[in-house]
Amino acid sequence: MAPNRRYANYPGAQRAPRQPKAEEAPKDDQNPTLRGHALTVAGKLAANLGFVRRYFWHNAKFGLIREIPELRDYKYRLQPDVIPLRDGTPVPDLLHFGPELTAPTPPDAPRGYMTCADYHALYASGTVTPYQVVSALMPLTRRGQRPKGKYETAWVPSHGNGEALALAAAQASTARWLAGKPLGILDGVPISVKDEIDVRGWVSHSGMKYNPRLKFFQPAEETSWPIRKLEAAGAVVVGKNNMHELRADTCGCNPNWGTPTNWHNPKYYPGGSSSGGASAVCCGMVPIAIGTDAGGGIRIPAAFTGLYALKPTHHRTVVMKHSSCVTGPMAASVADLTIAYRIMSQPNPDDPVQSLFTPSIPMSLDPNTANRRRVLAVDSSWWSQADKEVVAHCDKALAYFCSVGYSVLDINLPYLRECQLAHSVLTITQTYHDVREAFPPPGRFFDHISAQSRLFLAVASQTPTADFRAAGRLRQLIMSHLAHLFEQYPGILFLTPTTPTRGWRRDEGDAEAGFTDVNASIRNMIYIFLANLTGCPAVSVPVGYANAFGGSKNGTRRLPIGMHAMAEWGGEEQLLEFAREAEVYLNTKVPGGRVIPEGWVDVAEAAAKKSKVESDNASILYNTSVKSMKLRSSLSMMSVSTDATMSP
């Protein structure tokens with residue numbers, strides 16, 4: 001068989017060798033959970049003593065990969081960069097957004113998340129302006145207020161530049177609207193960007209403490225390509241979002257800037273590493289947040305906070321130095337997820353890799369796929385590793401998809417446990433070297449990070465070359481196996497829960513120093529890692545809500561449940577079509593429908609109040625000015641009259 005389209009760097013289709021049956025069941029991970037003083041001590045010891053680092057590395061079972069004998073037949077692969085190329089298929093203008101993306105929420109609909117279309121309609125009506133919207137949001141994004149701002153932990157400080165940049169962009173958008181020349185559906189829409197993504201004039205902390213003496217913390221001189229395209233479409237970056245330090249975990253705990261709130265249940269983490277963006281979209285402050293995903297970094301927080309998230313094909317939006325990490329959108333609606341993705345994935349003519357991508361075409365518009373059978377691949381043994389409440393919600397969603405035309409294919413993916421270890425080895429090792437390069441001598445980079453990240457990077461520094469290469473060979477093995485399945489079943493989607501748990505409970509004692517629970521981190525990634533390891537695109541969608549663990553002591557509010565779908569390289573639009581059907585399911589089939597969390601921000605109302613205050617102030621100023629003019633006129637006439645009386 002042959003691939004379903006033209007690709008660069010295609011792995012070749014080869015069914016994986018049958019995995020030998022283990023002589024005994026694999027043991028649960030037994031990595032120590034550390035917090036408080038124990039974490040601080042362990043971090044210092046690991047940073048300074050090689051045998052401590054090696055203990056943690058081997059205890060995580062990273063050395064098991066090189067023991068797989070079948071890897072001898074596979075080449076080492078560093079980047080999972082499979083690039084779909086143009087093949088003569090007509091490409092529709094996907095930047096001409098149709099009514100399915102641009103229709104505003106009906107006025108009689110229940111209160112819900114504002115979409116880009118809602119902002120567009122609001123500005124078109126003249127009710128409020130982009131400047132008033134952004135001005136209303138600025139106090140909510142601002143840090144260091146007393147008392148502490150309710151929403152500030154979702155954001156990092158801009159060090160004097162950010163608010164001015166945001167307001168200037170909003171003023172420019174307002175001028176375009178007043179001139180009747182808006183740029184399009186995104187003009188004036190507030191968005192947010194993860195702390196590690198460069199935006200010109202803003203500081204990128206990557207979740208670390210700010211140190212103005214270091215070059216790393218200087219304002220960015222250039223804007224990352226995906227953000228540049230969003231800004232060119234009129235979007236206004238209102239702030240940089242807090243994140244898990246160095247994107248080193250999946251919970252979102254940050255002892256440097258505080259931990260963002262999961263507004264569905266504040267006793268739970270928002271997920272990470274794009275934690276601040278998820279918190280900001282979850283509470284309604286922005287309809288779109290741009291994050292990064294090296295191990296579920298946008299999909300896990302989206303699942304924990306009830307949002308939609310798209311992890312694009314590797315290198316689709318921008319080429320990053322990391323072989324597992326991509327830049328992608330989170331959004332409160334699938335329409336906005338689609339708009340953001342299409343704009344930020346435009347080819348960059350100055351990038352010899354990213355510019356090769358042909359646009360992803362919706363199956364309904366592609367003559368080669370319009371009549372293709374829609375298949376969901378489910379590995380039941382993998383699926384059932386989730387908690388029973390998660391499985392129950394995902395089973396119901398799967399039944400719905402079957403009722404609207406999908407069929408289910410039972411599969412058995414090999415080497416899943418080993419592949420997850422390979423993903424971990426590749427990801428943490430590259431992160432270690434990235435951070436080390438960012439803080440060259442004489443500075444010791446361990447001095448610039450918290451204890452939880454210090455331990456993480458110290459362990460990552462111990463990866464031997466042989467183990468790193470073994471992980472790359474396993475990457476090639478599983479990519480070839482997926483290519484075999486994609487060729488055999490064109491258009492197949494691999495379906496799982498997004499995370500195996502309902503959420504991750506917070507321990508307020510961890511707020512100051514952080515913590516590390518590698519067992520929980522690994523468990524949270526048992527489904528999402530495969531897309532990062534292989535470079536395939538994937539989407540997370542909310543499919544229901546479950547009660548919190550342990551009853552009322554852990555909050556009475558329910559927690560969102562996410563479902564995850566992974567497509568063939570270049571299949572983003574197919575995933576977005578799947579997400580639209582999932583959105584219908586959530587809104588119409590799940591009891592109670594979409595949940596709007598407490599703490600939700602009505603941006604339209606806040607902007608309207610801002611508009612009224614400005615109007616009242618203008619009226620007061622006008623009346624004062626009129627009275628002043630009348631007074632000056634009266635005084636002038638009195639002066640003339642007096643002069644006339646005194647004339648000889």
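Under full-length UniProt numbering, the letters of the sequence shown match residues 1 to 648, in that order. Positions of the beta carbon are idealized from the N, C-alpha and C atoms, including for glycine.
> Buried or exposed: Arg18, going by 16 or more other Cβ atoms within 10 Å of its Cβ?
Replying inline: Arg18 sits exposed, since fewer than 16 C-beta atoms from the chains shown fall within 10 Å of its C-beta.
> On the three-pair Cβ rule with 8 Å, is the region 392-404 touching the region 127-143?
Replying inline: Touching, no.
> Which residues mark the beginning and the end of the alpha helix (DSSP H) in which Cys453 is found?
Replying inline: Just to set this straight, residue 453 is Ser in the shown sequence, not Cys. In the DSSP annotation of this structure, the continuous segment of the alpha helix (DSSP H) that includes Ser453 starts and ends at Ala451 to Ala460.
>> Buried or exposed, going by whether 16 or more other CB atoms sit within 10 Å of the CB of Leu49?
In response: The residue in question, Leu49, is exposed, as its Cβ has fewer than 16 Cβ neighbours within 10 Å.
> How big is the Cα-Cα spacing for Ala154 and Phe56?
Replying inline: Near 32 Å, if we compare the C-alpha coordinates of Phe56 and Ala154.
> In three-state terms, what does DSSP make of Phe494?
Replying inline: Under the three-state reduction of DSSP, Phe494 is assigned to strand.
> What's the C-alpha gap between Lys609 and Tyr119?
Replying inline: If I take the Cα positions, the gap works out to 16 Å.
> Within 10 angstroms of its Cβ, does Val156 collect 16 or more other Cβ (buried), or is it exposed?
Replying inline: By the neighbour-count rule (16 or more Cβ atoms within 10 Å), Val156 is buried.
> If His244 and Gly306 are in contact, beta carbons under 8 Å, what's the gap, nearest whole angstrom?
Replying inline: Incorrect: roughly 19 Å between the Cβ atoms, too far for contact.
> From Arg168 to Asn412, what distance separates their C-alpha atoms?
Replying inline: In the sequence on display, residue 168 carries Ala and not Arg. The C-alpha of Ala168 lies about 54 Å from the C-alpha of Asn412.
> Tell me which same chain residues have a C-beta within less than 8 Å of the C-beta of Thr642, skipping the five on either side of it?
Replying inline: Here the model assigns Thr642 a pLDDT of 48, short of 50, so the residue's position is not dependable and the matter cannot be decided.
>> If the criterion is Cβ atoms closer than 9 Å, does the pair Met330 and Thr141 meet it?
In response: Going by C-beta atoms, Met330 is not nearer than 9 Å to Thr141.
>> Just to confirm my understanding: we take Ala332, look at its own chain, exclude 5 residues before and 5 after, and list those with CB closer than 7 Å. What are they?
In response: Answer for Ala332: Tyr113, Val281, Pro287 and Leu307, listed in chain order.
> Cβ atoms of His315 and Asp81: under 9 Å apart, would you say?
Replying inline: Contact: yes.
> On the three-pair Cβ rule with 8 Å, is the region 210-228 touching the region 485-497?
Replying inline: Result no; under three Cβ-Cβ pairs closer than 8 Å.
> Do you know whose CA, among Gly252, Trp504, Met525 and Ser380, lies nearest Gln452's CA?
Replying inline: Measuring from the Cα of Gln452, the nearest candidate turns out to be Gly252.
>> For Asp87 and Tyr406, I'd like the C-alpha separation in whole angstroms.
In response: So the two alpha carbons sit approximately 27 Å from each other.
>> Could you check whether Ile185 and residue 665 sit closer than 9 Å to each other, using their CB atoms as the reference points?
In response: Residue numbering for the chain in the displayed model covers 1 to 648; residue 665 lies beyond these limits and cannot be assessed.
>> Does Met363 come out as helix, strand or coil in the three-state DSSP assignment?
In response: DSSP places Met363 in the helix class (H, G or I) of the three-state scheme.
> Under the DSSP definition of a beta bridge, which residues are partnered with Trp155?
Replying inline: According to DSSP, Trp155 bridges with Asn241.
>> So the candidates are Trp600, Cys536, Glu196 and Ala121; which of them puts its Cα closest to the Cα of Ala103?
In response: Considering only alpha carbons, the answer is Ala121.
>> If you measure between the beta carbons of Asp195 and Arg523, is that distance less than 9 Å?
In response: No, the pair does not count as a contact, with Cβ atoms beyond the cut-off.
> Is Arg53 near Ala471, with beta carbons less than 9 Å apart?
Replying inline: For the 9 Å CB-CB criterion, Arg53 and Ala471 do not form a contact.
> Buried or exposed: Leu178, going by 16 or more other Cβ atoms within 10 Å of its Cβ?
Replying inline: Residue environment analysis places Leu178 among the exposed positions, since fewer than 16 neighbouring C-beta atoms fall within 10 angstroms of its C-beta.
> Per DSSP, residue 689 forms a beta bridge with which residues?
Replying inline: Absent from the model: residue 689. The displayed extent of the chain is 1 to 648, so no value can be given.
> Going by the CB atoms, is the gap between Val236 and Trp202 shorter than 9 Å?
Replying inline: In this structure, Val236 does not lie closer than 9 Å to Trp202 by Cβ.
>> In this structure, how does DSSP classify Arg417 when only helix, strand and coil are distinguished?
In response: In the structure shown, Arg417 sits in a helix (DSSP, three-state: H, G or I).
>> Tell me the residue span of the beta strand (DSSP E) that contains Asp410.
In response: Unbroken beta strand (DSSP E) run through Asp410: Ser407 to Asp410.
>> Whole angstroms are fine: how far does the CA of Pro219 sit from the CA of Pro352?
In response: Spanning the alpha carbons of Pro352 and Pro219 requires a straight line of approximately 26 Å.
> Nearest-angstrom Cα distance between Ala438 and Ala302?
Replying inline: So the alpha carbons of these two residues sit roughly 29 Å apart.
> Taking the Cβ atom as the reference point for each residue, do Gly544 and Leu586 lie within a distance shorter than 9 Å?
Replying inline: Contact check for Gly544 against Leu586 passes: the beta carbons are separated by less than 9 Å.
>> Taking its Cβ as the centre, do 16 or more other Cβ atoms sit within 10 Å of Arg146, making it buried, or is it exposed?
In response: The residue in question, Arg146, is exposed, as its Cβ has fewer than 16 Cβ neighbours within 10 Å.
>> My output table needs one value for Ile197: the three-state DSSP class, helix, strand or coil.
In response: The answer is coil: DSSP assigns Ile197 none of H, G, I, E or B.
> Among Asp366, Gly599, Ala397 and Ala460, which one has its Cα closest to the Cα of His564?
Replying inline: Ranking the options by Cα distance to His564, first place goes to Ala397.
> Would DSSP call Asp293 helix, strand or coil?
Replying inline: In the structure shown, Asp293 sits in a strand (DSSP, three-state: E or B).
> Name the DSSP bridge partner or partners of residue 663?
Replying inline: No statement about residue 663 is possible, as the shown extent of the chain runs from 1 to 648 and does not include it.
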